[in-house]
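A.B. asks: Residue numbering for the sequence shown follows the numbering used here, beginning at 140 and increasing consecutively. Okay, here's the structure, questions in a sec.
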Amino acid sequence: QTQYSGKTTLIKRLATWAVELGFKVLIFDTKETEADYTGFGREVPICLKESMDSLILIGLLESIFKRKITRQYATLSRLVEGSKTFRDIINKAKDVEANTRSQWVKDSCRTIYDLLERLEKLKSQTSGVKTVKSLQLYKGINRMVINTFTQEIQQLIIKNAFEDALVKYKRKVILVLDEAFKFIPQKYGSVSSNAILKVMAQGAKTGLFTWISTQFLAVTDKAPLKACAIKFLGTQDHPSEINHTLDLIPRAHGKFSKDDVMELKLGHWILVRKRPQDARKVYALPVNVPVEEGRKVAREEYAPEKIRDHYLKAVKVAERKKETMEAKNAIFNKLHKRLGKLDTREYNKIIDDKAIEKAEKWLKLPKKKRPQTLNNFLDNEIKASFEHILKNKHLWPQKFKQIIANKIETEVQKRLAVIKGTRKQVT
Numbered sequence: 140q141t142q143y144s145g146k147t148t149l150i151k152r153l154a155t156w157a158v159e160l161g162f163k164v165l166i167f168d169t170k171e172t173e174a175d176y177t178g179f180g181r182e183v184p185i186c187l188k189e190s191m192d193s194l195i196l197i198g199l200l201e202s203i204f205k206r207k208i209t210r211q212y213a214t215l216s217r218l219v220e221g222s223k224t225f226r227d228i229i230n231k232a233k234d235v236e237a238n239t240r241s242q243w244v245k246d247s248c249r250t251i252y253d254l255l256e257r258l259e260k261l262k263s264q265t266s267g268v269k270t271v272k273s274l275q276l277y278k279g280i281n282r283m284v285i286n287t288f289t290q291e292i293q294q295l296i297i298k299n300a301f302e303d304a305l306v307k308y309k310r311k312v313i314l315v316l317d318e319a320f321k322f323i324p325q326k327y328g329s330v331s332s333n334a335i336l337k338v339m340a341q342g343a344k345t346g347l348f349t350w351i352s353t354q355f356l357a358v359t360d361k362a363p364l365k366a367c368a369i370k371f372l373g374t375q376d377h378p379s380e381i382n383h384t385l386d387l388i389p390r391a392h393g394k395f396s397k398d399d400v401m402e403l404k405l406g407h408w409i410l411v412r413k414r415p416q417d418a419r420k421v422y423a424l425p426v427n428v429p430v431e432e433g434r435k436v437a438r439e440e441y442a443p444e445k446i447r448d449h450y451l452k453a454v455k456v457a458e459r460k461k462e463t464m465e466a467k468n469a470i471f472n473k474l475h476k477r478l479g480k481l482d483t484r485e486y487n488k489i490i491d492d493k494a495i496e497k498a499e500k501w502l503k504l505p506k507k508k509r510p511q512t513l514n515n516f517l518d519n520e521i522k523a524s525f526e527h528i529l530k531n532k533h534l535w536p537q538k539f540k541q542i543i544a545n546k547i548e549t550e551v552q553k554r555l556a557v558i559k560g561t562r563k564q565v566t
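And the structure:
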């Protein structure tokens, strides 16, 4: 369960296998530093609703405060009554603070509205992102990218998605929760904890399962971890994490030692099952790697690094190329749309004031000094007038450059033909 274990590779392998069995899989991409699941599955819109439930709000506020605020719950529940937005609660809290004589109530109100104002600022992150009020899942692997949001907003999104999954998608669905220590923490409340535990307790009866992935066992709530019928336990280095790992293996004493946990190789795991009770060392075969190659690693005929270097690095390069092309296409579509919406009068003014003047100047030059083609002239002169839509020129596909050149050339030729009193094209 560290970066050397192959946690993401294991999830991708298991998710692909689950889809072959007819399951829908939803992966929450939550890691802030890197999008681990880019290009893996279909991206779905973020499920986000603003809740006025005091039990939910106190979990959000505790996530921001990083400690329990149970004693302020009574004050919060009174402030929530009749409120429709966070701003309503904030205004009520400030009014109560100004009018009450109780120092305890004053302090509680100040704590509540200070944390709510912070939450309001965090929620503003979602203003430019497409969100839906109800979870949308498609056949196969689904990916909800929430790694650009703060931990508190991620918790709210996770809560909404898990609640909807329990009501709307009851059968043959798997929810994959990466970086789980952020959503089911050990020492303080989380707005998503109850929703996750509820799905784990009730969902299995109808085929709604949860996969929990975490590299920090010490700070993750142990109740859901111990409830898991199947566990893949990876390598650990810290003594505390090693002890927590061994605690999750029934009768580990005598079968697995601390050294066994520390010395697990890349892609190797201790597989623990409740029924039938079993614990053994296994190798997780990455996606698109031949089965026989994986067997050789499991038999220790190959080093796991050989698989990584030969297969997985090539896949990562392909994923980066795909991501780059997606970014280029997005810029192309955005610029093309902007050019299409350019006001006709503005476009005509650019052509009249710039293109005709410069084209006339070009025509007056001796033939030897003229550029070989009108396109060269346009590249050197006229395109300067379009700087406001050419900011990302270095990312343009060649196709878009040609569209721009053709549009400008056509307009220049039309106007020159009118000025010269002829409809002959400029040559």
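Just so it is clear, CB atoms sit at the ideal spot from N, CA and C, and this is done for glycine as well. What you are looking at is a predicted structure, and each value in this text was computed from that prediction instead of being measured.
1. Report yes or no: do the segment 222 to 236 and the segment 324 to 334 share at least 3 C-beta pairs separated by less than 8 Å?
2. Identify the continuous beta strand (DSSP E) that holds Ile409 and give its terminal residues.
3. Out of Pro324, Lys435, Thr155, Arg249, point me to the one whose CA is closest to Lys233's CA.
4. Inspect the beta-carbon positions of Gly330 and Phe301 and report whether they are closer than 8 Å.
5. How many angstroms separate the CA atom of Thr287 from the CA atom of Leu274?
6. Counting beta carbon pairs with one atom in the segment 148 to 157 and one in the segment 414 to 427, are three or more of them shorter than 8 Å?
7. Please classify Glu220 as buried or exposed, where buried requires at least 16 other C-beta atoms within 10 Å of its C-beta.
8. Measure the C-alpha to C-alpha separation of Arg310 and Gly406 and round it to an integer number of angstroms.
9. Let me check understanding here. Comparing Cα to Cα, which of Arg447, Lys188, Ile323 lies closest to Val271?
10. Per DSSP, what are the beta-bridge partners of Asn281 in this structure?
11. One question on the structure: do Tyr308 and Lys163 come within less than 8 Å of each other, judged by their Cβ atoms?
12. To the nearest angstrom, how far is it from the Cα of Ile197 to the Cα of Leu215?
13. In chain order, what residues of the same chain have a beta carbon less than 6 Å from the beta carbon of Thr289, not counting five sequence neighbours either side?
14. Counting only runs of 4+ residues fully inside the segment 204 to 253, write out the alpha helix (DSSP H) ranges in chain order.
15. When the Cα atoms are used, what is the spatial distance from Asp317 to Arg282?
16. With 16 as the cutoff for other CB atoms within 10 Å, does Lys269 come out buried or exposed?
17. Once DSSP output is grouped into helix, strand and coil, what is the label at Asp417?
18. Do Glu201 and Ile195 have their C-beta atoms within less than 8 Å of each other?
19. Across which residues does DSSP place Tyr422 in a beta bridge pair?
20. Pro363: which of Ala213, Ile351, Leu385, Leu258 sits nearest, CA to CA?
21. Where does Pro378 land, buried or exposed, given buried means 16+ other C-beta within 10 angstroms?
22. Taking the continuous beta strand (DSSP E) assigned at Leu347, which residues delimit it?
23. How many angstroms separate the CA atom of Asn382 from the CA atom of Gly373?
24. What are the boundary residues of the alpha helix (DSSP H) that includes Val158?
25. What is the rounded straight-line gap between the Cα of Pro184 and the Cα of Gln293?
26. Suppose contacts are defined by Cβ-Cβ distances below 8 Å. Is Ala418 in contact with Phe395 by that definition?
27. For Asp448, count neighbouring Cβ atoms within 10 angstroms of its own Cβ and tell me buried if that reaches 16, exposed if not.
28. The beta strand (DSSP E) with Lys370 in it runs from where to where?
29. With a threshold of 6 Å on Cβ separation, who are the neighbours of Thr349 within its own chain once the five nearest residues in sequence on each side are excluded?
30. For Gln564, count the other beta carbons within 10 Å of its own beta carbon; 16 or more makes it buried, fewer makes it exposed. Which is it?
31. Spatial neighbours of Ile369 within its chain, please: CB distance less than 6 Å, with the 5 preceding and 5 following residues excluded, ordered by chain position.
32. Alpha carbon to alpha carbon, how far is Asn230 from Phe371? Give it in angstroms, no decimals.
33. Out of Asp192, Lys404, Leu410, state which residue places its alpha-carbon closest to the alpha-carbon of Leu295.
C.D. replies: Concretely, from the data shown:
1. no
2. 407 to 412
3. Arg249
4. A small correction: the amino acid at residue 330 is Val; Gly does not occupy that position in the sequence shown. Result no, Cβ atoms of Val330 and Phe301 do not sit closer than 8 Å.
5. 19 Å
6. yes
7. So Glu220 ends up on the exposed side.
8. Straight-line Cα distance between these residues: approximately 30 Å.
9. Lys188
10. Leu165, Arg181
11. yes
12. 8 Å
13. Leu261
14. Runs of the alpha helix (DSSP H) inside the segment 204 to 253: 212 to 219, 225 to 238.
15. 12 Å
16. exposed
17. Here Asp417 sits in strand by DSSP.
18. no
19. His407
20. Ile351
21. exposed
22. 347 to 351
23. 13 Å
24. 146 to 159
25. Their Cα atoms are separated by approximately 13 Å.
26. yes
27. Burial check for Asp448: the Cβ neighbour count within 10 Å stays below 16, so the residue is exposed.
28. 369 to 372
29. Leu314, Val338, Met339
30. Because the pLDDT of Gln564 is 42, which lies under 50, any placement of that residue in the model is unreliable, and the number read from its coordinates should be weighed accordingly. Answer is exposed; the Cβ neighbour count stays below 16.
31. Arg412
32. Near 49 Å, if we compare the C-alpha coordinates of Asn230 and Phe371.
33. Asp192
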